[in-house]
Structures are given as structure tokens and as C-alpha cells.
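So the sequence shown is residues 5 to 90, counted in the working numbering.
Glycine residues also receive a C-beta, built at the ideal position from the N, C-alpha and C atoms.
Nothing here was measured: the structure is a model prediction, and the numbers come from that model.
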Amino acid sequence: WFGRPIEPEFILDISATFDLKLKMLACHASQREWLRKQHGVDEYLESCRRWSAARGASIGTAFGEAFTQSKGHPFPNNDLLREVLG
Numbered sequence: 005w006f007g008r009p010i011e012p013e014f015i016l017d018i019s020a021t022f023d024l025k026l027k028m029l030a031c032h033a034s035q036r037e038w039l040r041k042q043h044g045v046d047e048y049l050e051s052c053r054r055w056s057a058a059r060g061a062s063i064g065t066a067f068g069e070a071f072t073q074s075k076g077h078p079f080p081n082n083d084l085l086r087e088v089l090g
């Protein structure tokens, strides 16, 4: 991607499970402490909320998660990720 933004191939609606996702992220105590210590920030949960809300808005839902499948060698060229996730 060489410094260019990655454009998602598709975005899934995660609205029904978003609260659970945030609860699980909040359990990552060591990562949270690392962010505080190394970068002086502790807003990853709010960042996740903003990012997911923006992705969701692009498909008309409250929250979304974007996906892009690498199709370069040696990965499959078919769109397996979209087939599996819907």
C-alpha cells in the first residue's frame, strides 16, 4: 500500500455486536497500559467507536467494520473473504 490509504473492499454491519466488541477491547489491559506509557494516550475505545461509526455511516448502519483481502501471490485470487463473511 506504500503509504496510501487502504480502501475497503466491503464493510459489514457490526451494530448488533459493537458493544461486545468494545467490552472485549477494554479487557486488553497490557495494550492499554502500553498506549498510556509509550504514547500518553488512552482513547483507543473512543477511537474505535468513531472509526466504526464512520464506516457504518458509509453503508447506512450505526457501526461497520471494513475488510480488504490480499489477493497477491501466494494468496487466493477469488474473493474468499467476501464469500465467508457475506
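For this session: Indicate the three-state DSSP secondary structure (helix, strand or coil) for G60 in the structure shown.
Result: helix
Problem set entry | In DSSP terms, what G7 is bridged to | None; G7 has no bridge partner.
For this session: Name the residue from Y48, G68, K25 whose alpha carbon lies nearest to the alpha carbon of I13.
Result: It is Glu, not Ile, that sits at residue 13 in the sequence shown. Among Y48, G68, K25, the Cα nearest to that of E13 is on G68.
For this session: Evaluate G60 with the Cβ neighbour count: other Cβ atoms within 10 Å of its Cβ, from every protein chain shown; 16 or more gives buried, anything less gives exposed.
Result: buried
For this session: Have a look at the DSSP bridge pairing and note the partners of D17.
Result: G68
Problem set entry | Bounding residues of the alpha helix (DSSP H) (the contiguous stretch that carries S34) | Its alpha helix (DSSP H) spans residues 33-43.
Exercise. Counting pairs of beta carbons, one from the segment 18-28 and one from the segment 48-60, are three or more of them closer than 8 Å?
Worked result: yes
Exercise. For L16, does the count of other Cβ atoms within 10 angstroms reach 16, so buried, or fall short, so exposed?
Worked result: buried
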